[in-house]
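Each residue of the sequence shown is one higher than the one before, counting from 1 in UniProt numbering. Note that CB positions come from ideal geometry on N, CA and C, so glycine has one too. So the structure is just underneath, and the comments pick up after that.
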Amino acid sequence: MAQSARRQTTLTARQLHEHRQEIADAGEYRERRKQLMEKPLMRGWIHLVTFPLCVAASIVLICLAPAGAMKAAVSIYSATAMLLFGVSAALHIGHGHVYTRIDSILVRIDYSNIFLVIAGTNTPFLFAITNTTVRWVYLVVIWAVALIGTAVHLVFPDGLDWLFTIVYCVLGLAPFTIIHLFWTSPYIGPVPTILLICGGAAYILGAVCFALRKPNPWPRVFGYHELFHLGTVIGYACHLVAIFMTVCAMR
1 MAQSARRQTT LTARQLHEHR QEIADAGEYR ERRKQLMEKP LMRGWIHLVT FPLCVAASIV
61 LICLAPAGAM KAAVSIYSAT AMLLFGVSAA LHIGHGHVYT RIDSILVRID YSNIFLVIAG
121 TNTPFLFAIT NTTVRWVYLV VIWAVALIGT AVHLVFPDGL DWLFTIVYCV LGLAPFTIIH
181 LFWTSPYIGP VPTILLICGG AAYILGAVCF ALRKPNPWPR VFGYHELFHL GTVIGYACHL
241 VAIFMTVCAM R
């Protein structure tokens, strides 16, 4: 009799746990559905269109780059850019439809990619300056910060947007302390340097829009997040042209 009562109590506890889980799942579903309904229509499409163009440009750029260190540097840059746009497109186009573990992982990778693309973009420019000591010091520092930032973002993906935005900006502005070396480099020169500055400004303005969550022009179609994505595409385009010019000068 006592054993039967204990079994009944156990079953009741198990059923209660399952019921609570069903309630939690239902709440999570409603939250995801709410996100889907509120997601602007353009969310993810900017990066989805950019991704195949990035792949094509990367192939041409790697083929044009001279053999050796510069080809390796350009390959690293291309890989970080393709990863940035590919993961972002996959996440933002599908985000909100189905909640899966993959969705959670993509969110972490997406924001971490910003660190990698900053370091990746700087790599070809640093290999085009003639001062090898400065080159290696900046490469080590920038990549160390980028890898640490990536690791921290993978572990703590939420609640630190402002901190990460500040680190993004500081890391992105680091090469501007040696802008004179880019300007006077026989392979870079004034025009690519100006494009480097314009691209950095586009990235930073986009990041600030994301951190402030404003302006939010057309929330149902094109919001602050889309401005952030647009900033990354403009920044990428400026840097891509600058790197193409640098690579052609080194051939």
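7 Å Cβ shell around residue i - same chain, five flanking residues per side excluded
i	result
L126	R135, Y138 and L139
S58	S78, A81 and M82
I66	Position check: residue 66 holds Pro in this sequence, whereas Ile was assumed. Contacts found: M250 and R251.
M42	V221, F222 and E226
A146	F115, L116, I118, A119 and L171
V241	L195
T150	S112, F115 and L116
T130	S185
V191	M245
T50	F85 and V233
Chain-order list of residues whose beta-carbon lies under 8 Å from that of residue i (same chain, five-residue window excluded)
i	result
L212	Y224
V141	A174
residue 263	A query on residue 263 cannot be resolved here, the shown segment of the chain reaching from 1 to 251 and no further.
F156	none
Identified DSSP bridge partners for residue i
i	result
W218	F222
Alpha helix (DSSP H) segment containing residue i, residue limits
i	result
S75	A69 to G94
P192	P190 to L212
S58	W45 to L64
L41	From DSSP, L41 is part of no alpha helix (DSSP H); its letter is neither H nor E.
Y187	Segment: none, Y187 is in no alpha helix (DSSP H) and carries neither H nor E.
T132	T132 to V155
Contact check, residue i vs residue j, beta carbons under 8 Å
i	j	result
P40	P219	yes
Y203	A81	no
C198	F228	no
C248	L53	no
D103	S88	no
F222	L61	no
L91	L106	yes
T123	I179	no
W143	A174	no
T246	Y187	yes
R108	L163	no
L205	G231	yes
Best match in the options for proximity to residue i [C-alpha to C-alpha]
i	options	result
V152	A128, N113, I178 and W183	N113
H47	A65, T193, G86 and P190	G86
S185	A146, L205 and A128	A128
C55	G68, M70 and V74	Position check: residue 55 holds Val in this sequence, whereas Cys was assumed. If we check each option's Cα against that of V55, V74 comes out closest.
T132	V191, I148, F156 and A69	A69
Residues of its chain near residue i, where Cβ-Cβ distance is below 6 Å and the 5 sequence neighbours each way are ignored
i	result
C238	L195, C198 and G199
T193	F182 and W183
I234	A202
A207	T165 and Y168
G44	A89, H92 and I93
K71	A65
H97	Here the model assigns H97 a pLDDT of 48, short of 50, so the residue's position is not dependable and the matter cannot be decided.
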